[in-house]
Amino acid sequence: MHNLKLAAPQHEDHEYLTGIPELQEEAHKAQAYEYLQSIHMMGRYACISGIIRAMKCRSVLDVGCGEGTLCTYLGSTASYLGIDVSGTAISRARSKNPTTEGREFIAGDFRKLISLVQGRQFDAIVWAGIGLGWRESQDGPWIESLLPIVRQFQELAHDKSILVFESLYEYLDALMPLFASLSPVTGIDLFMPFAGAHNRRFIRVLSPRP
Ligand SMILES: C[S@@+](CC[C@H](N)C(=O)[O-])C[C@H]1O[C@@H](n2cnc3c(N)ncnc32)[C@H](O)[C@@H]1O
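In this note's numbering, the protein residues as written are -19 to 190.
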């Protein structure tokens, strides 16, 4: 039997924690990302893992992996490396995914991705649910903070890799400059009617080369 949460997400009280890079550990301890575990949000993971399976990706890097829920959806179809800045998220991810073969979780800052993954390349690199937490600082510019991270993705990708971006639909227009140096592969727009807030999302799948 599943152990998914059936209650509607109750995250408004913790919303401010999720947008501040320095507070990600506190955000996880305060269960500010608990809403992602609601069954009403599971369509995100189902769609992302479905794309990864359909494109026959054998290795996945999940950047800002949180509690590693995507890993549980992927099963053993691909090797998986999840990185998150929060040690609490990483230890929850390890408990949820006890099989260690082909699954790794590392606590680290994705702004230093290249040194964290030490020259490995991946068939799929996933960036899911990361919005304002990607700024260099709370008040810093957004896209300018994100561009170096996308360049890191390009370095860790080979010509046939896919980059999977998932976030709130309301951010899509603002994020378009990030995608300018990438080529579109496919996309899905999601509406999860029972999820309450944060229920309109996009998924864009891009090739790492122009
Ligand atoms: C909304 S959660 C999404 C988690 C996961 N991708 C998912 O969809 O279930 C955003 C995650 O990004 C992580 N994060 C934020 N800034 C980060 C950074 N600089 N380096 C690594 N992880 C970071 C947070 O700890 C949090 O787990």
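Idealized CB from N, CA, C, for every residue including glycine.
Around the CB of H178, 16 or more other CB atoms lie within 10 Å, so the residue is classed as buried. When Cβ pairs closer than 8 Å are counted between the two stretches, the region 73 to 82 is seen not to touch the region 15 to 28, the count staying below three. Closest in C-alpha terms to R38, from the list A73, L(-3), D103, comes D103. DSSP places P164 inside the beta strand (DSSP E), whose first and last residues are 163 to 171.
Collapsing the DSSP output to three states places L127 in a helix. DSSP, read as helix, strand or coil, puts L136 in coil. Between the region 87 to 107 and the region 30 to 45 there are three or more inter-stretch CB-CB distances shorter than 8 Å, so the stretches are counted as touching. If you check the CB distance, P188 and Q134 come in under 8 Å.
Judged by beta-carbon spacing, Q4 lies within the 8 Å limit of V65, meaning their Cβ atoms are closer than that value. Its chain contains G82 as the residues whose beta carbon lies nearer than 7 Å to that of S56, once the 5 sequence neighbours on both sides are disregarded; these appear in chain order.
Here I110 carries a coil assignment [DSSP, helix/strand/coil].
Straight-line measurement puts the Cα of L158 at about 23 Å from the Cα of S29. C-alpha of F145 to C-alpha of C45: approximately 13 Å in a straight line. Going by DSSP, D42 is part of the beta strand (DSSP E) stretching over 39 to 43. Between P164 and H138, the alpha-carbon positions lie close to 15 Å from each other. Bounds of the beta strand (DSSP E) holding R181 are 180 to 187. In this structure, C45 has its CB closer than 7 Å to one or more heavy atoms of ligand 1.
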